[in-house]
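J.:
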Amino acid sequence: MQFLKGIGEKRAQAFERLGVVTVQDLLFHLPHRYIDASSVTPMARARVGDDVACVGTVVTTGVLPTRKGLRIFHAVLRDSSGTLECAWPGQAFLDRVVVPGQLVLVAGPVRFYHGRQMAPRELVILGDPADADAGRIIPIYPATDGLSHKQIRAILAQHLDAMAALAPDLLPEPLRRRFGLPVVRDALFAVHRPVSVIDAELGRRRLAIDELLDLQLMLARARQIAREGQRGTQFDVKRTLTTQLREHLPWELTADQKQAIREIFDDMTKVERMHRLLMGDVGTGKTVVALFAMLLALENDYQAALMAPTELLAEQHYASLSRLVAPLGVVPELLLGRLGAADKRAARTRLADGETRLVVGTHALVQDQVAFHRLGLVVIDEQHRFGVEQRAALMHKGDAPDVLLLTATPIPRSLALTRFGDLDASVLKARPPGRGVVRTALRTPAHRNRVFEFVRRTAHEGGQAYVVLPVIEESERADLRAAETMAASLTTQWPDVRVGLVHGRLNPLERDQVMRAFRDGSVQVLVATTVIEVGIDVPNASVMVIEHPERFGLAQLHQLRGRVGRGERESHCILLTASGDVPERLRAFAQTDDGFKIAELDLAERRHGDLLGARQSGGIDFKIAHFPDDTDLLSEARALARALLEDDAMLVKRENRPIRERALARYPRGDVLFRVG
């Protein structure tokens, strides 16, 4: 790199801080945004209230002090139509950067302050008035100390022709044609030297599909090895217990449930081990689908185990499964850490000798003392709340049992294909009949008294309510009503209402006691932080008040809303905002109860940076691909990866070797997946 003209040792070190070490890295160091200098507003037409971009020559500059000690950098710009004054409060250092005679691009709102004045959000120094950047699309590159985006742009402009000519195109032509994407060389010119912003975006998408293909090759190969390397149990659909369950269900299965059951049964009747993810929105009936899978194992004389992350959830599953299988003569076992030593010993004995066929429990199931007689299926609820070791420990209790993972968190398709690309996924969206409808209302501080009067009236009429807050205790730095203060206040105001409090700092035993009291009806109003986000099923709870909803993510709000609407009562989720100015994102949330749609809204809101923030959950750091915009490309990359591997599992054919080498350059640890011999 340092020997490339225009770089040298110091700039090479600066490039290294950006992750640019080789010439290829430089070629794929893409702009993170563009400024369209081809459609700038003439300064004479920049009106007060407009948000515009202008290009002009710096005429005068200066720093103006204010009475409050704030120093404002001030500049007057001129183009062929007139002049425009610009001001940057608190940025006096610009006096050393912006000088008369320079050509600059500024973008921002125009306001009235002793005349028209722009407060620029963007400032790009283009150079002198003869700069060729004026009047075209300007790429803005990620930069660092000692290396400005303009210097990077100049270096790339100088070497782009020679470097792009060396970039190989490995993508099969049919896929390029399907998306109307250019070849790699053209894509690189489009992103680095675009003729329009649309042209640049097409180029980026072309490069993104290569990045996504490399990831999907790794995931598909890992899945291939897992399936080939470990035979599972080949179950037969004997239509005994499963048919009896279908006949005794008090409701009709939804089309989504029937499809998920078919997909799971197809997996379980194959020789390969099942490894499937069942994603179901709140209230879509995942437990019943999982029960059909467990009964298929039972009718083949195998055992099935369901592991839940908390004792309360395990108890809830145990109670609902017990009701459903009672007509079938199946008696589930419940194994929890809080059971007495004698009870645990007896439960373990029944599991080991095969007397217990269906067991529900917590991490107590993975303890060394627990042995199964013939474990055929493992179901893990809210699988993301268990560590990898805990999940693996249960999966290894039997002789390669089939595995079904459940999650109530709707995951955008794009994220599911990256995080769980090696899993097959079934999705439940439709709710079974009889599920209550939750009405979502937005309320401002002016409605506060009416909202809490409604909560009190609900309690008096035999109902129950949640009041959720984002923090635990009062803080001088956060203008929030804390859970502890709220619980104390409601207890004082409502001596005739039993108020409980749960938050993350309570020890688990105390928290479980309060939540059990709420479940059993001895607590009528539960004040809580988000520890109840995924929790107990309380059909009698029909009101959810969420304070400061603007401080929660949309997906989190949806999980909280899912705590109500589980019984026959008409249910309400009330978002009590901190001000009268209701954010548009909350209005969008209130208008839909589709968890997958909300997950996409949440993803679009957080964009790429936060999407991959949960790296402990398996997020992948993409440099080129953007989500959710590129979900269609991700789907195609996955299909392409599978097609490539079906034809050439090790990618050893001459035409496929470069694809394998590029994928391994991106994911060096994937070498083990493509080792020959």
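With our numbering as the guide, the letters of the sequence shown map in order to residues -17 to 659.
Positions of the beta carbon are idealized from the N, C-alpha and C atoms, including for glycine.
Just so you know, these numbers come straight off a predicted model, no measurement behind them.
1. Where Phe217 and Val361 are concerned, what is the direct C-alpha to C-alpha distance, given to the nearest angstrom?
2. Does DSSP put Gln349 in a helix, in a strand, or in coil?
3. Rounded to the nearest angstrom, what separates Ala680 and Leu189 at their Cα positions?
4. To the nearest angstrom, how far is the alpha carbon of Glu67 from that of Ser20?
5. Would the segment 222 to 231 and the segment 635 to 642 be scored as touching if the rule is three or more Cβ pairs under 8 Å?
6. Only counting runs of 3 or more residues, tell me where the beta strand (DSSP E) segments fall wholly within the segment 202 to 284, in order along the chain.
7. Roughly how many whole angstroms lie between the Cα atoms of Gly486 and Val513?
8. Could you check whether Leu359 and Tyr284 sit closer than 8 Å to each other, using their CB atoms as the reference points?
9. Look up Thr48 in the DSSP assignment and say whether it is helix, strand or coil.
10. Excluding five sequence neighbours on each side, which residues of the same chain lie with their C-beta closer than 8 Å to the C-beta of Glu(-9)?
11. Under the rule that 16 or more other beta-carbon atoms within 10 Å means buried, what is Gly591, buried or exposed?
12. Using the beta-carbon count (16 or more within 10 Å), is Gly351 buried or exposed?
13. Quick one: what does DSSP say Thr23 is sitting in, helix, strand or coil?
14. List the endpoints of the continuous alpha helix (DSSP H) containing Ser617.
15. Taking buried to mean at least 16 other C-beta atoms within 10 Å of its own C-beta, is Gly128 buried or exposed?
16. Is it true that the segment 293 to 302 meets the segment 240 to 250, where meeting means three or more beta-carbon pairs spaced less than 8 Å apart?
17. Confirm the yes/no value for this check: CB of Phe578, any heavy atom of the ligand MN, distance under 7 Å.
18. Can at least three beta-carbon pairs, one atom from the segment 606 to 622 and one from the segment 559 to 575, be found at a separation below 8 Å?
19. Between Pro477, Val479, Leu483 and Leu627, which has its C-alpha nearest Ala469's C-alpha?
20. Using a 10 Å radius around the Cβ and a threshold of 16 neighbouring Cβ atoms, would you call Ser408 buried or exposed?
21. Taking DSSP as the reference, what is the three-state secondary structure of Asp406?
22. Mapping DSSP to helix, strand and coil, what is Glu337?
23. With 16 other CB atoms within 10 Å as the buried threshold, where does Asp263 fall?
24. Just to confirm, is the Cβ distance from Ala441 to Val520 under 8 Å?
25. Skipping 5 residues on each side, what residues in its chain have a beta carbon closer than 7 Å to that of Ala499?
26. Around the C-beta of Gly(-12), are 16 or more other C-beta atoms found within 10 angstroms, so that it is buried, or is it exposed?
27. Alpha carbons only, please: which of Val342, Ala353 and Ser302 is nearest the one belonging to Arg327?
28. Can you give me the C-alpha to C-alpha distance between Arg213 and Ala382, rounded to a whole angstrom?
29. Determine the DSSP secondary structure at Thr426, reduced to helix, strand or coil.
30. Using the Cβ count rule (16 or more neighbours within 10 Å means buried), how would you classify Ile243?
31. For Ala308 and Ile556, what's the separation of their Cα atoms in angstroms?
32. Could you tell me how far apart the beta carbons of Asp238 and Leu451 are, in whole angstroms, since I believe they sit closer than 8 Å?
33. Return the chain-ordered list of same chain residues with a C-beta closer than 8 Å to the C-beta of Val219, the five sequence neighbours on each side being excluded.
34. Is Val253 buried or exposed, if buried means 16 or more other CB atoms sit within 10 Å of its CB?
35. Mind reading off the beta-carbon distance from Asp61 to Cys36? Whole number of angstroms is fine, and I expect it under 8 Å.
36. According to the Cβ coordinates, are Thr292 and Gly319 closer than 8 Å?
T.: On the basis of the supplied data:
1. By 1-based counting over the sequence shown, the position of residue 217 is 235. By 1-based counting over the sequence shown, the position of residue 361 is 379. Going by the C-alpha atoms only, they are around 16 Å apart.
2. Taking the sequence shown and counting its residues from 1, the one referred to as residue 349 is at position 367. Reduced to three states, the DSSP call for Gln349 is coil.
3. What the structure shows of the chain is the stretch from -17 to 659, and residue 680 is not part of that stretch, so it cannot be assessed.
4. As a working note, residue 67 is residue 85 in the sequence shown. As a working note, residue 20 is residue 38 in the sequence shown. Their backbone Cα atoms lie some 21 Å apart in a straight line.
5. no
6. With a minimum length of 3 residues, the unbroken runs of beta strand (DSSP E) contained wholly in the segment 202 to 284 fall at 257 to 262.
7. Taking the first residue of the sequence shown as position 1, residue 486 is located at position 504. Taking the first residue of the sequence shown as position 1, residue 513 is located at position 531. Rounded to the nearest angstrom, the two C-alpha atoms are 6 Å apart.
8. For the purposes of this step, residue 284 is identified with residue 302 of the sequence shown, where counting begins at 1. For the purposes of this step, residue 359 is identified with residue 377 of the sequence shown, where counting begins at 1. Yes, the pair counts as a contact, with Cβ atoms nearer than the cut-off.
9. Taking the first residue of the sequence shown as position 1, residue 48 is located at position 66. Of the three classes helix, strand and coil, the one that applies to Thr48 here is coil, per DSSP.
10. Position 9 of the sequence shown, counted from the first residue, corresponds to residue -9. Excluding sequence neighbours, Glu(-9) sits near Gln(-16).
11. Within the sequence shown, the letter at position 609 stands for residue 591. With a pLDDT of only 36 at Gly591, under 50, the local geometry of the prediction cannot be trusted, and no value is derived from it.
12. Within the sequence shown, residue 351 is the residue found at index 369, counting from 1. Reading off the sequence shown, one finds Gln at residue 351, where the question assumed Gly. It is exposed - the Cβ of Gln351 has fewer than 16 other Cβ atoms within 10 Å.
13. By one-based count along the sequence shown, residue 23 stands at place 41. If DSSP states are grouped into helix, strand and coil, Thr23 belongs with coil.
14. Counting from one through the sequence shown, the residue named residue 617 turns up at place 635. Thr613 to Asp629 is the span of the alpha helix (DSSP H), which, as asked, contains Ser617.
15. What you label residue 128 is simply residue 146 of the sequence shown in a count that begins at 1. By the 10 Å Cβ count, Gly128 comes out exposed.
16. no
17. Among the ligands in the structure shown, none appear at all, so the ligand MN cannot be discussed.
18. no
19. For this step, residue 469 is matched to residue 487 along the sequence shown. Closest by alpha carbon: Leu483.
20. Taking the sequence shown and counting its residues from 1, the one referred to as residue 408 is at position 426. With 16 or more Cβ atoms within 10 Å of its Cβ, Ser408 is classed as buried.
21. Translated into positions along the sequence shown, residue 406 becomes position 424. Of the three classes helix, strand and coil, the one that applies to Asp406 here is strand, per DSSP.
22. If you number the sequence shown from 1, residue 337 lands on position 355. Here Glu337 carries a coil assignment [DSSP, helix/strand/coil].
23. Residue numbering aside, residue 263 sits at position 281 when the sequence shown is read from its first letter. The residue in question, Asp263, is buried, as its Cβ has 16 or more Cβ neighbours within 10 Å.
24. What you label residue 441 is simply residue 459 of the sequence shown in a count that begins at 1. What you label residue 520 is simply residue 538 of the sequence shown in a count that begins at 1. Their beta carbons are not under 8 Å apart, which means Ala441 does not touch Val520 by this criterion.
25. Taking the first residue of the sequence shown as 1, we reach residue 499 at position 517. Answer for Ala499: Gly482 and Val505, listed in chain order.
26. Mapped onto the sequence shown, residue -12 falls at position 6. Gly(-12) is exposed by the Cβ-count criterion.
27. Here residue 327 refers to the residue found at position 345 when the sequence shown is read from its first residue. Minimum Cα distance to Arg327 is reached at Ala353.
28. As a position in the sequence shown, residue 213 is number 231, starting the count at 1. As a position in the sequence shown, residue 382 is number 400, starting the count at 1. So the two alpha carbons sit approximately 7 Å from each other.
29. Locating residue 426 in the sequence shown gives position 444, counting from the first residue. DSSP places Thr426 in coil when its eight states are reduced to three.
30. Residue mapping note: residue 243 aligns to position 261 of the sequence shown, counting from 1. Its Cβ being crowded by 16 or more others within 10 Å, Ile243 is buried.
31. In the sequence shown, residue 308 corresponds to position 326, counting from 1. In the sequence shown, residue 556 corresponds to position 574, counting from 1. In a straight line, the C-alpha of Ala308 is about 38 Å away from that of Ile556.
32. For the purposes of this step, residue 238 is taken as residue 256 along the sequence shown, with counting starting at 1. For the purposes of this step, residue 451 is taken as residue 469 along the sequence shown, with counting starting at 1. No, Asp238 and Leu451 are not in contact; Cβ-Cβ is about 34 Å, not under 8 Å.
33. Position 237 of the sequence shown, counting from 1, holds the residue named residue 219. If we look at Val219 and ignore the five residues flanking it on each side, its Cβ neighbours are Phe247, Thr251 and Leu278.
34. Reading the sequence shown from its first residue, position 271 is the one you call residue 253. Result: exposed.
35. The count along the sequence shown starts at 1 and reaches residue 61 at position 79. The count along the sequence shown starts at 1 and reaches residue 36 at position 54. Confirmed, Cβ separation roughly 7 Å.
36. Taking the first residue of the sequence shown as position 1, residue 292 is located at position 310. Taking the first residue of the sequence shown as position 1, residue 319 is located at position 337. Not in contact: Thr292 and Gly319 (Cβ atoms no closer than 8 Å).
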